[in-house]
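The next block holds one structure in the form of structure tokens; read it before the comments.
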Amino acid sequence: MAFFPFTATVKNSERISPNFQRVTFTGVNDMGPAGHIMDLRIKLVIPGEHGLPQMTGEENWYDEWKAIDPVKRGSMRTYSIRELRRAGEHGEAELNIDFALHGVGTPDSGPAATWAVEAQPGDQLYVVAPQKEDESGPGIEFQPGEAKNVVILGDETALPAMLRIADEWSAELTGTMYCELVDIADAPKIDFPANLTVHWVPRGEGHTYGDMLVESAARLFEVENPRGEFTPPVPSSPSDAEQSPLIWETPTYSSFDDEEERAEPTSTVAERYADTYFWIAGESSMVTTIRRMVVKGAGISRHQVSFMGYWKNGVKALG
1 MAFFPFTATV KNSERISPNF QRVTFTGVND MGPAGHIMDL RIKLVIPGEH
51 GLPQMTGEEN WYDEWKAIDP VKRGSMRTYS IRELRRAGEH GEAELNIDFA
101 LHGVGTPDSG PAATWAVEAQ PGDQLYVVAP QKEDESGPGI EFQPGEAKNV
151 VILGDETALP AMLRIADEWS AELTGTMYCE LVDIADAPKI DFPANLTVHW
201 VPRGEGHTYG DMLVESAARL FEVENPRGEF TPPVPSSPSD AEQSPLIWET
251 PTYSSFDDEE ERAEPTSTVA ERYADTYFWI AGESSMVTTI RRMVVKGAGI
301 SRHQVSFMGY WKNGVKALG
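Okay, so the sequence shown: first residue is 1 according to the UniProt record's numbering, each after it adds one.
Shown next, in the form of structure tokens:
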């Protein structure tokens with residue numbers, strides 16, 4: 001699947017909950033994919049103080065963007081599609097992107113969230129995505145395969161992808177979803193499929209990113225001290241944290257080289273989940289901690305899991 005930059009125009013920007021801003025775009029009539037969206041990753045090129053850079057809209061968009069003066073090319077961030085209403089008799093296509101807001105109005109806020117909050121009708125950015133005739137393919141990591149049961153764990157940055165997966169949920173699957181939120185008021189008031197059980201786990205005062213999900217996973221995998229045995233070491237400096245790669249592993253791809261951790265699925269917990277696929281996304285250290293519980297602790301095959309570090313706490317790449 002090839003990706004192309006589409007010049008998208010803001011139709012509306014609204015706060016849909018205390019910590020989410022929804023921006024609706026037009027100018028995406030030729031954007032896809034043609035098939036399922038699921039957790040498809042797209043790129044946003046956010047204009048900086050010099051405005052939106054000029055791009056030709058060709059398939060070599062990334063090389064073109066990299067060749068632009070860094071001062072003038074703006075910022076690029078990865079997001080998920082919340083909803084794509086395709087063009088038809090009711091008018092032009094519309095795209096919804098939901099932005100998780102962290103520290104907006106402070107130095108901790110990233111460029112995308114800040115832009116979304118300030119966006120006005122007529123503002124533009126580039127959405128890098130498939131064309132409308134392309135079927136779903138690269139960029140979708142929800143890969144349950146032949147599994148009959150699915151467990152999903154994600155923080156607020158993964159919520160749009162989780163909701164999109166729920167929107168396209170198969171009648172052949174049973175599943176459980178855990179979503180960690182800043183505030184229970186961020187939980188959307190929508191109907192979920194009857195065969196998908198949803199748990200909202202708000203992050204209470206005194207907890208850091210991922211704590212609630214790690215605790216939820218510990219109960220699933222019968223782990224007593226998940227933040228002790230399974231937590232990855234803290235980077236020695238902010239620069240080390242920024243330079244270390246995000247965890248990314250799917251049933252068909254791994255960014256890890258740790259064969260010694262890939263235990264055979266022989267534990268009773270692994271047997272219980274022999275027909276289960278896991279989708280885990282959000283803050284990178286949280287994902288790594290749960291990965292260690294799943295693969296090293298429970299002995300569940302990594303080929304049953306998609307682990308995706310969307311962002312790192314303390315590194316201003318989020319939003």
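Glycine included, each C-beta is placed from N, C-alpha and C at the ideal position.
Check: CA-to-CA distance, N19 to D211, given in whole angstroms; Outcome: 18 Å
Check: Cβ-based burial, I190 [other Cβ within 10 Å; buried from 16]; Outcome: exposed
Check: Residue environment, S306, which counts as buried when at least 16 other CB atoms sit within 10 Å; Outcome: buried
Check: Start-to-end residues for the alpha helix (DSSP H) that takes in Y62; Outcome: 61-67
Check: Stretch pair the stretch 57-64 + the stretch 131-144: three plus CB contacts closer than 8 Å; Outcome: no
Check: Three-state secondary structure (DSSP) of R203; Outcome: coil
Check: Inter-residue Cα distance where the pair is V104 and Q131; Outcome: 32 Å
Check: Under 9 Å between C-beta atoms of F3 and E94; Outcome: no
Check: Per-residue burial, E156 [other beta carbons within 10 Å of its own, 16 or more giving buried]; Outcome: buried
Check: Bridge-paired residues (DSSP) for W279; Outcome: I152, S306
Check: C-beta neighbour in chain C for M38, strict 9 Å; Outcome: The chain inventory of the structure shown lacks chain C, comprising one protein chain alone.
Check: Proximity of R302 and I247 at Cβ, strictly below 9 Å; Outcome: no
Check: Contact under 9 Å by Cβ, T276 with Q304; Outcome: yes
Check: Unbroken stretches of the beta strand (DSSP E), 3 residues or longer, contained in the UniProt domain "FAD-binding FR-type" (3-145); Outcome: 3-17, 20-26, 41-46, 75-80, 83-85, 94-100, 124-130
Check: Enclosing alpha helix (DSSP H) for M286 [first to last residue]; Outcome: 284-291
Check: Contact the stretch 11-18 vs the stretch 60-73: 3+ CB pairs below 8 Å; Outcome: no
Check: First and last residue of the uninterrupted alpha helix (DSSP H) at E249; Outcome: No alpha helix (DSSP H) contains E249, which is instead part of the beta strand (DSSP E) from 248-250.
Check: DSSP-derived helix/strand/coil call for D182; Outcome: The residue asked about is misnamed: residue 182 is Val in this sequence, not Asp. Three-state result, V182: coil.
Check: Distance between A194 and E215 (C-alpha atoms, nearest Å); Outcome: 25 Å
Check: Residues bridged to M177 (per DSSP); Outcome: I152, V198
Check: Nearest candidate by alpha-carbon position, reference residue 324, set D39, L40, Y310; Outcome: In the structure displayed, the chain extends from 1 to 319; residue 324 sits before or after that span and is not available.
Check: Cβ-based neighbour list, S254, same chain, cut-off 7 Å, excluding 5 preceding and 5 following; Outcome: R302
Check: Among R203, V294, A112, A34, the one whose alpha carbon lies nearest that of F230; Outcome: V294
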